[in-house]
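Peer 1: Residue numbers (this note's numbering), protein chains in the order written: chain W, 106 to 550; chain X, 3 to 529.
For every residue, glycine included, the Cβ atom is placed at its ideal position computed from N, Cα and C.
Okay, here's the structure, questions in a sec.
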Amino acid sequence: MRYLPLTPDDRTKMLGVVGAADIDALFSDVPVSARRSELFALPLHTGELDVERELSQLAAMNRPAGAGPFFCGAGAYRHHVPASVDHIIQRSEFLTSYTPYQPEIAQGTLQVLFEFQTQVARLTGLDVANASMYDGSTACAEAVMMSQRVTRREKAILSGGLHPHYAATTQTIAHAEGMEIVRLAAAIDAEAAVIEAIDAGTACVVVQTPNVFGVVTDVTKIAHAAHAAGALLIVVTTEAISFGLLKSPGEMGADIAVAEGQSIGNALNYGGPYVGLFACRENLVRQMPGRLCGETIDAEGRRGFVLTLSTREQHIRREKATSNICTNSGLCALAFTIHLSLLGEVGLRQLAALNHSRARELEGALRGSVEILTPRYFNEIALRAPDASRVVEDLLADNIIAGVPYARLDPHAGMDDVLLVAATETTTSQDIAALAAALKGRLRR
Amino acid sequence: MSMSSVGRPTKPMVSASTEEHKALAGGRGLLQDEPLIFELGGWDKTGVDFDAPAHDASDLGDLVRSEKIGLAGLSEPETLRHYVRLSQKNHAIDLALYPLGSCTMKHNPRLNEKVARLAGFADLHPLQPQSTTQGALELMDRLAHWLKTLTGMPAVALTPKAGAHGELCGLLAIKAAHEAAGQSNRRRVLTPTSAHGTNPATAAFVGYSVQEIAQTEDGRVDLADLAAKLGPDVAAIMVTNPNTCGLFERDIIEIARLTHEAGAYFYCDGANFNAIVGRVRPGDLGVDAMHINLHKTFSTPHGGGGPGAGPVVLSSALARFAPAPWIVHGADGLKLVEEAVEAAAEAFGRMSAFHGQMGMFVRAYAYMRSHGCDGLRQVAEDAVLNANYIKAVLSAEMTPAFAHGPCMHEALFDDAWLEGTGVTTLDFAKAMIDEGFHPMTMYFPLVVHGAMLIEPTETESKRELDRFCDALLALAKAAKAGDVERFKNAPHLAPLRRLDETLAARKPKLTWRPEPTGVAPAPLAAE
Chain W
106 MRYLPLTPDD
116 RTKMLGVVGA
126 ADIDALFSDV
136 PVSARRSELF
146 ALPLHTGELD
156 VERELSQLAA
166 MNRPAGAGPF
176 FCGAGAYRHH
186 VPASVDHIIQ
196 RSEFLTSYTP
206 YQPEIAQGTL
216 QVLFEFQTQV
226 ARLTGLDVAN
236 ASMYDGSTAC
246 AEAVMMSQRV
256 TRREKAILSG
266 GLHPHYAATT
276 QTIAHAEGME
286 IVRLAAAIDA
296 EAAVIEAIDA
306 GTACVVVQTP
316 NVFGVVTDVT
326 KIAHAAHAAG
336 ALLIVVTTEA
346 ISFGLLKSPG
356 EMGADIAVAE
366 GQSIGNALNY
376 GGPYVGLFAC
386 RENLVRQMPG
396 RLCGETIDAE
406 GRRGFVLTLS
416 TREQHIRREK
426 ATSNICTNSG
436 LCALAFTIHL
446 SLLGEVGLRQ
456 LAALNHSRAR
466 ELEGALRGSV
476 EILTPRYFNE
486 IALRAPDASR
496 VVEDLLADNI
506 IAGVPYARLD
516 PHAGMDDVLL
526 VAATETTTSQ
536 DIAALAAALK
546 GRLRR
Chain X
3 MSMSSVGRPT
13 KPMVSASTEE
23 HKALAGGRGL
33 LQDEPLIFEL
43 GGWDKTGVDF
53 DAPAHDASDL
63 GDLVRSEKIG
73 LAGLSEPETL
83 RHYVRLSQKN
93 HAIDLALYPL
103 GSCTMKHNPR
113 LNEKVARLAG
123 FADLHPLQPQ
133 STTQGALELM
143 DRLAHWLKTL
153 TGMPAVALTP
163 KAGAHGELCG
173 LLAIKAAHEA
183 AGQSNRRRVL
193 TPTSAHGTNP
203 ATAAFVGYSV
213 QEIAQTEDGR
223 VDLADLAAKL
233 GPDVAAIMVT
243 NPNTCGLFER
253 DIIEIARLTH
263 EAGAYFYCDG
273 ANFNAIVGRV
283 RPGDLGVDAM
293 HINLHKTFST
303 PHGGGGPGAG
313 PVVLSSALAR
323 FAPAPWIVHG
333 ADGLKLVEEA
343 VEAAAEAFGR
353 MSAFHGQMGM
363 FVRAYAYMRS
373 HGCDGLRQVA
383 EDAVLNANYI
393 KAVLSAEMTP
403 AFAHGPCMHE
413 ALFDDAWLEG
423 TGVTTLDFAK
433 AMIDEGFHPM
443 TMYFPLVVHG
453 AMLIEPTETE
463 SKRELDRFCD
473 ALLALAKAAK
483 AGDVERFKNA
493 PHLAPLRRLD
503 ETLAARKPKL
513 TWRPEPTGVA
523 PAPLAAE
């Protein structure tokens, strides 16, 4: 077996050193009834060529996003990632290292995390950021639970514009801990309704911008209302490229910002792994979940970085920890940081402007023949398309993946006629023309 | 004719001085000092070229960000240099044995990286029509089949994104099962003192109180203490097996029986499944739920701290409470059930936005197919043999925490052998860095004084094990011989010396900010 270096001779010699008659002697603590002497009913070992062949066949059964016009968004976005990003993250020193518990020999990872935290804090317009979470949805749940620790209140209000999977994840996790989760009814321009729901028992309000219907909202008024009631404002962003064009959560008064960072540096990967961004105001830092990297000095006074404030964490505080998270999304955070370093401020602003421009082009091509439901958007818009799921299936005949039917995310909202379509820098004018023509034809029927 | 004696010297000059040479530019030879990206001055630089947008953002009015973000940029060659220089300050599996106990730092096959990047997997959107992702669903279904067969469990929830997320998934299923049975009064979770920190943290996360189970002299769960603490308010026990002392819980079947008799569920922390894969099925031990760290047992890369993946296998008692989404076989192929409705209404909810760590599923499945059922059994055997070999060899100088009987995949030592030397576990670990090895896990599990937990994994050769053991034995002798200086100031040869962790925590500096005075530019104020 190509991954196992021991030879039969090595094994014999080593058993001798150990003083064991055979390998079974080392498993003698296993109860007799649970010992399996026969092989399991699974295939035997396979050479690299055959494994690659099987995996390639499975991959070929799928229709990659890049194989034709493609307009899915709704929390995951297809962007171009420069080739150098994937090259660097495959370096052994990054790929095959662990969480940087020994800082003297992990400064590479630690400095990257410090850069990542700085980038995330600046993108979100907040003071501090952690070293990443699993993804945007779990970061959202963690933010809601953090608001309970900060305010000592139990109620979280989730906007009707919050991605339904984020709401479901938050409901599942935060409810289990004992919080009351109030999910407002799905609505395209939903953020204003949030203010009315705030009361003296509110720990936090969670609003998303651009929201799941693509609507961009200035949440400053919600921030005022939340703060007046002693609640925190959590702002969710599922399209990180939008930070390059839109007012930041911090500028609008957010106390905590969480985001899905996949758009920067990471492939679609059929839903994971992604990278959750988590930032907050400085005074809340000791209630944050997850790893934090901080600056310090070594014994010779040289600058270095370490994981810090770990008295918040499970391996020190156990049941009193702020979260149970241990492994995060290190390599995805690295990809994020490299891509963002390649972009810089200049490139991110250009990329964001280009995304918005593509969406305007898309809206322009559809306007007049399709009802556009999103008043202000970044790179995603909601359309009126009766039986949207069927429309998407039908357009597959033209090799067009038209977008995400809202009902797939939230079948109970009575919004079967809403289709979410996103455009990015990878969307071409030909793609847009193809979608516009096909949709017009299909909706006329 | 003789060669000129002037010009390019062909022999190294021998210097009388043995003092350390300091490079004028900082750094040391190939190891360069590298500033932060924000100190490289690229405020108006970019390494990506874009077309000019056809439309502006006037439609967004004052929603547009007017203030500066404060991001630094670099051209592509500068970016490569920056991150490659940083990479060289990391230890890695590909450099030397990385014996972090409980973390399973095994070789990461590169075939797995290659296939995970096939466009048919990597360039697939989680919400595109399922008719266009049948190969991805097929792969998830095959992975599920392997996981169920290897564990002897009837169901698996694939979506948890790491081990701790899997623990959360398992406990939520247990909580849902108790609620469905009208047993919401069960609020207590029992876990051994030696447990991973994630176990009590997860239990508290779902609103349970945590009580510790005592440990026997030989490093196992104390059955009498467990029996005494079980009761009608206990929801579950959380036990790692093989446990964090690297030992198989001999009484595991009795532990499960007592737990079930008390009406509680048995959550098994599967972090150490790599020690028994192919030889023992947790389903035969009475386990109700167990997460499997694909980044441990099934070799997906640790990546400097993730991403992981933590699918959870479930017993028939818990299967119907598994979270959405899951795969079903339908008339027109495979289908993801994404909402808990109708027949599936008992599902406890959702763990994350989409369908789990697909990129990790591809890698883990390629690993399983490469090894096959025979290779996976060999994985467990070699992992256990390597650990026992290290335990046997190092016992010449060091004191194993549990000398009697074999260990499983990791060898645990205490610090009794360091008594009187003035050297601590931490000092010893830092001295290992100078020998070119990553330190072992230190001071964990908590039940062993000055614990040193060494997990070599099955992907180490005998030659590397011997190199490692020779180095540790020599260090141990040096410690006993009173060479305390070697240890107190170690590491000497790493990119940095020991770091001041107290300073970092007392005055947290978590983001880069421009110096208030001096030469550093103040980019945020520049515009």
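(1) Mind checking residue 299 (chain X): buried by the 16 CB within 10 Å criterion, or exposed?
(2) At the level of alpha carbons, what is the spacing between residue 342 (chain W) and residue 363 (chain W)?
(3) Measuring CB atoms only, is the region 269-281 of chain X touching the region 136-143 of chain X, in the sense that at least three cross pairs come out at less than 8 Å?
(4) Kindly say whether residue 316 (chain W), judged by its beta-carbon, lies nearer than 8 Å to any beta-carbon of chain X.
(5) Between which residues of its own chain and residue 352 (chain X) is the CB-CB distance below 7 Å, once the five residues before and five after are set aside?
(6) Taking DSSP as the reference, what is the three-state secondary structure of residue 485 (chain W)?
(7) Taking only beta-carbon atoms, is residue 376 (chain W) less than 8 Å away from chain X?
(8) What residue range does the beta strand (DSSP E) around residue 448 (chain X) cover?
(9) Look at residue 354 (chain X) and residue 275 (chain W) and say whether their C-beta atoms are less than 8 Å apart.
(10) The alpha helix (DSSP H) that contains residue 328 (chain X), what's its start and end?
(11) Using the Cα positions of residue 220 (chain X) and residue 452 (chain X), report the straight-line distance between them to the nearest angstrom.
(12) Roughly how many whole angstroms lie between the Cα atoms of residue 299 (chain W) and residue 329 (chain W)?
(13) Run through chain W and tell me which residues come within less than 7 Å of residue 354 (chain X), C-beta to C-beta.
(14) Any Cβ of chain W within less than 8 Å of the Cβ of residue 486 (chain X)?
(15) Hey, how far is the Cα of residue 419 (chain W) from the Cα of residue 204 (chain W)?
(16) Just the Cα atoms here: how many angstroms apart are residue 455 (chain X) and residue 392 (chain X)?
(17) Is it true that the CB of residue 438 (chain X) sits closer than 8 Å to the CB of residue 283 (chain X)?
(18) Tell me, please, which residues DSSP counts as bridged to residue 400 (chain W).
(19) Quick one: measure Cβ to Cβ for residue 308 (chain W) and residue 286 (chain W), integer angstroms, because I've assumed they're closer than 8 Å.
(20) Might you give, ordered along the chain, the residues of its own chain that have their beta carbon closer than 8 Å to the beta carbon of residue 190 (chain W), omitting 5 neighbours on each side?
(21) Apart from the five residues on each side of it in sequence, which residues of its chain come closer than 6 Å, Cβ to Cβ, to residue 184 (chain W)?
(22) Where does the unbroken alpha helix (DSSP H) through residue 257 (chain X) begin, and where does it stop?
(23) Please list the residues of the region 122-138 of chain W that have a C-beta atom closer than 8 Å to any C-beta atom in chain X, keeping them in chain order.
(24) Note down, in chain order, each residue of its chain lying with its Cβ closer than 8 Å to the Cβ of residue 432 (chain X), except the 5 sequence neighbours on either side.
(25) Chain X partners of residue 433 (chain W), CB-CB under 9 Å?
(26) Measuring CB atoms only, is the region 81-99 of chain X touching the region 498-509 of chain W, in the sense that at least three cross pairs come out at less than 8 Å?
(27) Can you give the Cα-Cα distance for residue 145 (chain W) and residue 370 (chain X), rounded to whole angstroms?
(28) Find the residues of chain W that neighbour residue 405 (chain X), judging by a C-beta separation of less than 7 Å, and give them in chain order.
(29) According to a CB-to-CB cut-off of less than 9 Å, which residues of the region 362-385 of chain X neighbour chain W?
(30) At the level of alpha carbons, what is the spacing between residue 208 (chain X) and residue 198 (chain X)?
(31) Quick one: is residue 537 (chain W) near chain X, going by C-beta distance under 8 Å?
(32) Note down, in chain order, each residue of its chain lying with its Cβ closer than 6 Å to the Cβ of residue 127 (chain X), except the 5 sequence neighbours on either side.
(33) Beta carbon of residue 373 (chain W), beta carbon of residue 124 (chain X): below 8 Å?
(34) Give me the subset of the region 495-507 of chain W whose CB atoms are less than 7 Å from a CB atom of chain X, sorted by chain position.
(35) Can you tell me whether residue 495 (chain X) is buried or exposed? The criterion is at least 16 other CB atoms within 10 Å of its CB, across all chains shown.
(36) According to the Cβ coordinates, are residue 106 (chain X) and residue 457 (chain X) closer than 8 Å?
Peer 2: With the structure as the only source:
(1) As a working mapping, residue 299 (chain X) is identified with position 297 in the second sequence. Classification for residue 299 (chain X): buried.
(2) Numbered from 1 along the first sequence, position 237 holds the residue referred to as residue 342 (chain W). Numbered from 1 along the first sequence, position 258 holds the residue referred to as residue 363 (chain W). Answer to the nearest angstrom: the Cα atoms are 6 Å apart.
(3) no
(4) For the purposes of this step, residue 316 (chain W) is taken as the residue at position 211 of the first sequence. No - not a single Cβ of chain X is within 8 Å of the one on residue 316 (chain W).
(5) Position 350 of the second sequence, counted from the start, is the residue given in the question as residue 352 (chain X). Hits under 7 Å: 325, 326.
(6) Translated into positions along the first sequence, residue 485 (chain W) becomes position 380. Strand.
(7) Position 271 of the first sequence, counting from 1, holds the residue named residue 376 (chain W). Yes, residue 376 (chain W) counts as interfacial toward chain X.
(8) Numbered from 1 along the second sequence, position 446 holds the residue referred to as residue 448 (chain X). No beta strand (DSSP E) holds residue 448 (chain X); DSSP gives it neither H nor E.
(9) Locating residue 354 (chain X) in the second sequence gives position 352, counting from the first residue. Locating residue 275 (chain W) in the first sequence gives position 170, counting from the first residue. No, these two residues do not count as a Cβ contact at 8 Å.
(10) Within the second sequence, numbered from 1, the residue matching residue 328 (chain X) stands at position 326. Counting along the chain, residue 328 (chain X) falls outside any alpha helix (DSSP H), though it belongs to the beta strand (DSSP E) covering 328-332.
(11) As a first step, residue 220 (chain X) is located in the second sequence; it is residue number 218 there, counting from the start. As a first step, residue 452 (chain X) is located in the second sequence; it is residue number 450 there, counting from the start. Distance between the alpha carbons of residue 220 (chain X) and residue 452 (chain X) is about 17 Å.
(12) As a position in the first sequence, residue 299 (chain W) is number 194, starting the count at 1. As a position in the first sequence, residue 329 (chain W) is number 224, starting the count at 1. Rounded to the nearest angstrom, the two C-alpha atoms are 12 Å apart.
(13) Against the second sequence, residue 354 (chain X) aligns to sequence position 352. Simply 239, 240, 242, 243, 274.
(14) Within the second sequence, the letter at position 484 stands for residue 486 (chain X). No, residue 486 (chain X) does not count as interfacial toward chain W.
(15) Start at 1 with the first residue of the first sequence, and residue 419 (chain W) comes out as number 314. Start at 1 with the first residue of the first sequence, and residue 204 (chain W) comes out as number 99. Those two C-alpha atoms are separated by around 14 Å.
(16) Position 453 of the second sequence, counting from 1, holds the residue named residue 455 (chain X). Position 390 of the second sequence, counting from 1, holds the residue named residue 392 (chain X). Near 11 Å, if we compare the C-alpha coordinates of residue 392 (chain X) and residue 455 (chain X).
(17) Numbered from its first residue, the second sequence carries residue 283 (chain X) at position 281. Numbered from its first residue, the second sequence carries residue 438 (chain X) at position 436. No. Outside cutoff.
(18) Working through the first sequence from its first residue, we reach residue 400 (chain W) at position 295. W:410, per the DSSP bridge assignment.
(19) Position 203 of the first sequence, counted from the start, is the residue given in the question as residue 308 (chain W). Position 181 of the first sequence, counted from the start, is the residue given in the question as residue 286 (chain W). No, residue 308 (chain W) and residue 286 (chain W) are not in contact; Cβ-Cβ is about 10 Å, not under 8 Å.
(20) Position 85 of the first sequence, counted from the start, is the residue given in the question as residue 190 (chain W). Cβ within range, chain order: 370, 440, 443, 444, 447.
(21) For the purposes of this step, residue 184 (chain W) is identified with residue 79 of the first sequence, where counting begins at 1. For residue 184 (chain W), where only same-chain residues beyond five positions count, the Cβ hits under 6 Å are 368, 529.
(22) As a first step, residue 257 (chain X) must be located in the second sequence, where it is residue number 255. Looking at the DSSP string, the run of the alpha helix (DSSP H) that includes residue 257 (chain X) is 254-263.
(23) 122, 123, 124, 125, 128, 130, 131, 132, 133, 134, 135, 136, 138
(24) The sequence position of residue 432 (chain X) within the second sequence is 430, counting from 1. Here the set comprises 441, 489, 492, 493, 500.
(25) Working through the first sequence from its first residue, we reach residue 433 (chain W) at position 328. By Cβ distance, chain X contributes 164, 307, 308, 309, 310.
(26) no
(27) Indexing the first sequence from 1 puts residue 145 (chain W) at position 40. Indexing the second sequence from 1 puts residue 370 (chain X) at position 368. Each residue's alpha carbon lies about 13 Å from the other.
(28) Your numbering for residue 405 (chain X) matches position 403 in the second sequence. Correct list: empty, because the minimum Cβ distance to chain W is about 12 Å.
(29) 362, 363, 364, 367, 368, 369, 370, 371, 372, 373, 374, 375, 376, 377, 378, 379, 380, 381, 382, 383, 384
(30) Position 206 of the second sequence, counted from the start, is the residue given in the question as residue 208 (chain X). Position 196 of the second sequence, counted from the start, is the residue given in the question as residue 198 (chain X). Going from the Cα of residue 208 (chain X) to the Cα of residue 198 (chain X) covers about 17 Å.
(31) Counting from 1 along the first sequence, the entry for residue 537 (chain W) is found at position 432. By this cut-off, residue 537 (chain W) is not an interface position.
(32) What you label residue 127 (chain X) is simply residue 125 of the second sequence in a count that begins at 1. Excluding sequence neighbours, residue 127 (chain X) sits near nothing in its chain.
(33) Residue mapping note: residue 373 (chain W) aligns to position 268 of the first sequence, counting from 1. Residue mapping note: residue 124 (chain X) aligns to position 122 of the second sequence, counting from 1. A contact, by the Cβ cut-off of 8 Å.
(34) 497, 498, 501, 506
(35) Working through the second sequence from its first residue, we reach residue 495 (chain X) at position 493. So residue 495 (chain X) counts as exposed.
(36) Your numbering for residue 106 (chain X) matches position 104 in the second sequence. Your numbering for residue 457 (chain X) matches position 455 in the second sequence. In this structure, residue 457 (chain X) lies closer than 8 Å to residue 106 (chain X) by Cβ.
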